[in-house]
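Asker: As they're listed, the protein sequences go chains A and B.
Going by this note's numbering, 128 is the number at position 128 of the first sequence; the sequence numbering is gapless.
Convert by adding 259 to the 1-based position in the second sequence; the result is the number in this note's numbering.
Provided herewith is a single structure, encoded as structure tokens, for subsequent inquiry.
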Amino acid sequence: MLQAGFLHSLKAGRAAALALTLLAPWSYAPAATGADAGAEQRVSLPADMDKRVAACTACHGAEGRAADDGYYPRIAGKPAGYLYHQLLNFRDGRRQYAPMTALLETLPDAYLRDIAAHFAAQHPPYPNSARAPVPAAMLARGEQLVREGDRARGTPACIACHGSDLAGLTPSVPGLLGLPRDYIAAQLGAWQGGTRKTPAPDCMAQVLAGVAPGDIAAVSAWLAAQPVPADYTPREAPDHILPLACAGVPQPVADQEKK
Amino acid sequence: MSAPRMTRRGAKAWAVRIAAAVLVLVCAIAAGAWWLGTADDAMIAATTDDFSDATLIQRGAYLARAGNCMTCHTARGGEPYAGGRAVPTPFGTLYGPNITPDVEHGIGSWDADDFWRALHNGKSPDGELLYPAFPYPSYTAVTRADSDAIYAYLRSLPPIPRESRDDTLRFPYNQRFAIAFWRALYFRPEVHHDDPAGDQQWNRGAYLVKGLTHCAACHTPRNSLGATRSNAPLAGGLIPMLEWYAPPLTANSPQGLGDWNASEIAELLHTGISPRGTASGPMGEVVFQSLQYLTEDDVQAIAAYLKTLPASDALGGSGAVARTTGAAGMMALGAKIYEAQCLDCHGANGEGKHPAFPQLAGNLSVIAPATANAIRTVLNGGYAPGTAGNPQPYGMPPFRQSLSDSEVAAVVSYIRSSWGNQANPVSPSDVRRYRTISLN
């Protein structure tokens, strides 16, 4: 019975994922007729899109490769759906950084999609990851959390959603490598403290509830210390099964009853 | 021994009499002011009894856009019209209330007369005086027919049970009865009548500008009690608290619309850009939320009406802005920064490249007496609003990270005094002030 329910929900999930992929406006599907306000047809981006986003690259670096001060994260090559949702979150006050909000205040959804698609298609080289002096025990704890999670607390592993190679999934799960340690720690902390949010269901808020500050530091340190492999881009894995539901992520979710 | 006592007693009696007279006078004035400030205009009967009519609702949706009701009555990322946006004033902060038809938290229990009374008389259904942060000094000119249409539209929205947030005004401004005295001085309900001297287009423009689009709320300077100055209508001014300068809409040149033609004005209202400049700051939001949705006829009418406004005396003559030459070294530094950072987009002569990059020569925000717009734009960058007419705007990069206060002051001073621009230089302390101001 449980098994049947699981298979059924998996099937439904797959169908939904397929439907979403077909309808997803960021794929520029010519038949896009979703109810989403920003979901209108776009054939291609303007040729001088790099000039139009000069306001972004002033801080995020040429092509969105990140600034070298470790504060403004890399946006290049992140999945388009992820970037689009972050732009919405900043514009609509679910992420708190006033200069971002001020820039986006008068931009419509459709153009935020274009901006996201533009940066998702940029693939400038990654810098060599800086090896910070971190105690070995801390790195080991970080790696354990990334790969296995914390079963006792019910915290899923990072790789459960972000992929075994941590490269993320199209269209909306970001990769976790090639980011500064402080940036990762700040995001996880903000999510835990409620100053970074998504519309419901906010999976990261659920994941981080009750995670100790030391564990956040360990995960951030380990992730930031990993070299970025060649050809590091988010994978297309519409059938990847997520441990919990996330707003804007079309992949199917494991049957809750199975737990 | 007794004589001085008598005199003292007499003096005391006189003092009491004078005090009583003063008290009576004050009471009489207060009573008069109270009467003036709370008097209702004659009720005008509703224009319909079918508020579910689809055409009426659709017209109301259009008018609600024109009035930009949504901006103050919607929190960032919140349900439309469910309230919650902070409206900062020098007297404290007010929060746009919920105007969805929720009975408990919104205006679900209001009838069309109640709605008209709020718009026209600035009163709640129970007679409470409303704070003029709700721009009823403009909305009073809205016709009963338009009020009914907006009411029908709001009634058609899904009711949202979101509690309206209490205002946090300081004493004495938090004493609602005091609004009566403010109103006695600065507010009279007013019914709009077309002026037979103007044609239909001009009258439509006048009706929109004075009423629903409430241009005066930002473009007319305010006095110390927060009232728009009657001797300087639409003469421009720094918007209190928001710290953006709303340029004059009068025919002044070069500070106002004197050099603009009607089609340039209409283009800015409709698309957010024009050959003479871009809508930025709060005006960008007004175009994004409201004006881009107006019909071509309505933006043309607004433009045509604005072009008939005479130059305002409040600006001190036409175009004579005192010029103080900045230090030569500052100008040289400004020129160098301009060449390195600005010239690619804005051109060697500040001519810009319409429609992508705004012209800086003669740009009203650049040459304004208040330096807020120019400094804030250089510090924070910004996008022209994304509109149907300009759906993929270009973004100006922020320079707060890469330029120091002195460098921003130098380049802004350079731009303000080049290519025919004749505005005062700005100082690094001006820049510092806007670097630390809240962005949103």
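Ideal placement from N, C-alpha and C gives every residue a C-beta, glycine not left out.
Keep in mind the model is a prediction, meaning the values are calculated, not measured.
1) Can you list the residues of chain C that A/A58 reaches, using a CB-CB cut of under 8 Å?
2) Using the rule of at least 16 other Cβ atoms within 10 Å of the residue's Cβ for burial, across every protein chain shown, is A/Y71 buried or exposed?
3) Does A/P25 pass the burial test, meaning 16 or more other C-beta atoms within 10 Å, or should it be called exposed?
4) Can you check whether the C-beta of A/R113 is within less than 8 Å of a C-beta belonging to chain B?
5) If we count the other Cβ atoms within 10 Å of its Cβ and call it buried at 16 or more, is B/G611 buried or exposed?
6) For a contact defined as C-beta to C-beta under 7 Å, what are the partners of B/R335 on chain A?
7) Tell me whether the stretch 47–61 of chain A and the stretch 634–644 of chain B touch, counting them as touching only if at least three CB pairs, one residue from each stretch, are closer than 8 Å.
8) Tell me the rounded alpha-carbon separation between B/I498 and B/P628.
9) Should B/G291 go down as buried or exposed, given a rule of 16 or more other Cβ atoms within 10 Å for buried?
10) Report the three-state DSSP secondary structure of B/R635 (helix, strand or coil).
11) Could you have a look at B/I277 and say whether DSSP puts it in helix, strand or coil?
12) On the DSSP letters alone, give me the boundaries of the beta strand (DSSP E) that B/L389 sits inside.
13) Going by Cα to Cα distance, which pick from A/D239, A/V211 and A/D231 is closest to A/P124?
14) Please determine, among B/A298, B/W375, B/G326 and B/P617, the residue with the shortest C-alpha to C-alpha distance to B/G470.
15) In chain order, what residues of the same chain have a beta carbon less than 8 Å from the beta carbon of A/K197, not counting five sequence neighbours either side?
16) Going by beta carbon distance, what residues of the same chain come within less than 6 Å of A/G142, once the five residues before and after it are set aside?
17) I'd like the list of long-range same chain contacts for B/H613, defined as Cβ closer than 8 Å, with 5 residues on each side in sequence excluded.
18) Rounded to whole angstroms, what is the Cα-Cα separation between B/Y398 and B/D405?
19) Report the CB separation of B/A341 from B/Y504 in whole angstroms; it is logged as a contact under 8 Å.
20) Tell me the DSSP bridge mates of B/T646?
21) Which of the three DSSP states is assigned to B/R442 in this structure?
22) With a 10 Å radius around its C-beta and 16 neighbouring C-beta atoms as the bar for buried, classify B/R349 as buried or exposed.
23) Give the secondary structure of A/F90 by DSSP, where H, G and I count as helix, E and B as strand, and everything else as coil.
24) Taking the runs of the alpha helix (DSSP H) that are 4 residues or longer, which of them lie wholly in the stretch 142–229 of chain A?
25) Are B/L619 and B/Y693 closer than 8 Å when you measure CB to CB?
26) Any contact of the stretch 145–161 of chain A with the stretch 62–79 of chain A, i.e. 3+ C-beta pairs under 8 Å?
27) One question on the structure: do B/P420 and B/H364 come within less than 8 Å of each other, judged by their Cβ atoms?
28) First and last residue of the alpha helix (DSSP H) that includes B/A615?
29) When DSSP builds the beta bridges, which residues end up paired with B/L413?
30) Any Cβ of chain B within less than 8 Å of the Cβ of A/G248?
31) Which of helix, strand or coil does DSSP assign to B/Y354?
32) For B/G269 and B/V275, what's the separation of their Cα atoms in angstroms?
33) Does any C-beta atom of chain A lie closer than 8 Å to the C-beta of B/L322?
34) Shorter than 8 Å from the beta carbon of B/G645 to some beta carbon of chain A?
35) Measuring alpha carbon to alpha carbon, tell me which residue in B/I634, B/N380, B/I366 and B/P513 is nearest B/A668.
36) Among A/L169, A/T101, A/P199 and A/A98, whose alpha-carbon lies nearest the alpha-carbon of A/P79?
Answerer: Reading off the structure:
1) Looking for chain C here will not work: the only protein chains present are A and B.
2) Exposed: under 16 other Cβ atoms inside 10 Å.
3) Per-residue confidence for A/P25 stands at a pLDDT of 38, beneath the threshold of 50, marking its modelled position as unreliable; no derived number is given.
4) False, the Cβ-Cβ gap to chain B never drops below 8 Å.
5) Per the 10 Å Cβ criterion, buried.
6) Within 7 Å Cβ-Cβ: D92 and G93.
7) Yes, they touch.
8) Approximately 13 Å, taken between the alpha carbons.
9) B/G291 comes out exposed.
10) The answer is helix: DSSP assigns B/R635 an H, G or I state.
11) B/I277 sits in a helix when the DSSP states are folded into three classes.
12) Where B/L389 is concerned, there is no enclosing beta strand (DSSP E), because DSSP gives it neither an H nor an E.
13) A/D231 is the residue among A/D239, A/V211 and A/D231 whose C-alpha sits nearest the C-alpha of A/P124.
14) Ranking the options by Cα distance to B/G470, first place goes to B/G326.
15) For A/K197, same chain residues with a beta-carbon under 8 Å away, outside a window of 5 residues either side, are N89, R94, R95, W191 and A205 in chain order.
16) Closer than 6 Å at Cβ, skipping near neighbours: A218, V219, A221 and W222.
17) I532, S533 and P534.
18) Take the alpha-carbon of B/Y398 and the one of B/D405: they are about 11 Å apart.
19) With a contact defined as Cβ atoms closer than 8 Å, B/A341 and B/Y504 miss out at about 31 Å.
20) DSSP, once it has assigned bridges, lists B/N649 as partnering B/T646.
21) Three-state DSSP puts B/R442 in a helix.
22) Checking the sequence shown, residue 349 of chain B turns out to be Pro, not Arg. It is exposed - the Cβ of B/P349 has fewer than 16 other Cβ atoms within 10 Å.
23) Helix, per DSSP.
24) Secondary structure within the stretch 142–229 of chain A: the alpha helix (DSSP H) runs of 4 or more consecutive residues, fully enclosed, are 159–162, 181–193, 203–208 and 213–225 (chain order).
25) For the pair B/L619 and B/Y693, the CB atoms are not nearer than the 8 Å cut-off.
26) Segments in contact, no.
27) Yes, they are a contact pair.
28) First-last for B/A615: undefined, no H or E at that position.
29) B/L413 is not bridged to any residue.
30) Among the CB atoms of chain B, none fall inside 8 Å of the CB of A/G248.
31) Strand at B/Y354.
32) For B/G269 and B/V275, the gap between their C-alpha atoms comes out near 10 Å.
33) Answer no: the Cβ-Cβ gap between B/L322 and chain A never drops below 8 Å.
34) Yes, contact with chain A.
35) Closest by alpha carbon: B/I634.
36) The shortest Cα separation from A/P79 among A/L169, A/T101, A/P199 and A/A98 belongs to A/L169.
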